[in-house]
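Start counting at 1 in the sequence shown, then tack on 137, and there's your number in our numbering. Idealized CB from N, CA, C, for every residue including glycine. Single-structure report; data block below.
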Amino acid sequence: MGRRLSSERDGSRRTPNAHRFGESVTATVICGSCHHDCPDTCVWDVTVRDGRAVRLRGNRQHPTTKGTLCPKVNRFLDRVYHPDRIQTPLRRIGSKGDAVFEPMSWDDAIHEIAQRFAAIRRASGAEAILPFSFDGTQGVIQKGLMADRHVQAGLRRDSATVPSM
């Protein structure tokens, strides 16, 4: 869903000479929000061209940040498109600590995790699984997203309710 950039009604603009002389490319600007753990819940605009995000900038209409992005988000596209970014689940095939993995499909990964969780619950009860979902990339928008799922699975404690050692 694009945001109107000009008087065109389709939410896109033509960028002349983007590929070769005489060609033009449609760019769409999509409004989104930051997923990082801070209270600003920054709103950003990402320009997408040919299915690839090519520009990320703060939304000037955000009441707190007024178009400014923090250092975590300023380099976000560099991280997303970094050649070393892991883009598929990995299965350990060596001993723990050997760092030997093989790629696996998302369906297979979810299936394996679900089977292992079910086996743990059967053997030791739901309390044997400690949900940990409070990391540095969960902001106000995601708050509580996983909590409902944890409760439905019978997990009554999480990392926030267990005293640290």
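Using a Cβ distance threshold of 7 Å, residue 210 and residue 168 do not count as a contacting pair. Here the segment 186-195 lies against the segment 204-220, with 3 or more beta-carbon pairs under 8 Å apart.
Note that the C-beta distance between residue 165 and residue 179 is not below 7 Å.
Its Cα nearest to that of residue 246, the residue 226 stands out among 226, 182, 260.
Counting of Cβ neighbours within 10 angstroms places residue 206 among the buried residues, the total reaching 16 or more. Excluding its 5 nearest sequence neighbours in each direction, residue 229 has C-beta neighbours in its own chain below 6 Å: 238, listed in chain order. With at least 16 other beta carbons inside 10 angstroms of its own, residue 181 counts as buried.
Inter-residue distance for residue 217 and residue 223 is about 10 Å (C-alpha atoms, whole angstroms). Taking the Cα positions, residue 221 is about 11 Å away from residue 215. Shown here, residue 167 sits in a strand according to DSSP, grouped into three states. Excluding its 5 nearest sequence neighbours in each direction, residue 254 has C-beta neighbours in its own chain below 7 Å: 266, listed in chain order.
Taking residue 199 as the centre and dropping the five residues before and after it, the same chain places the C-beta of 179, 180 closer than 7 Å to its C-beta, in chain order. In this structure, the alpha-carbon of residue 185 lies about 47 Å from that of residue 259.
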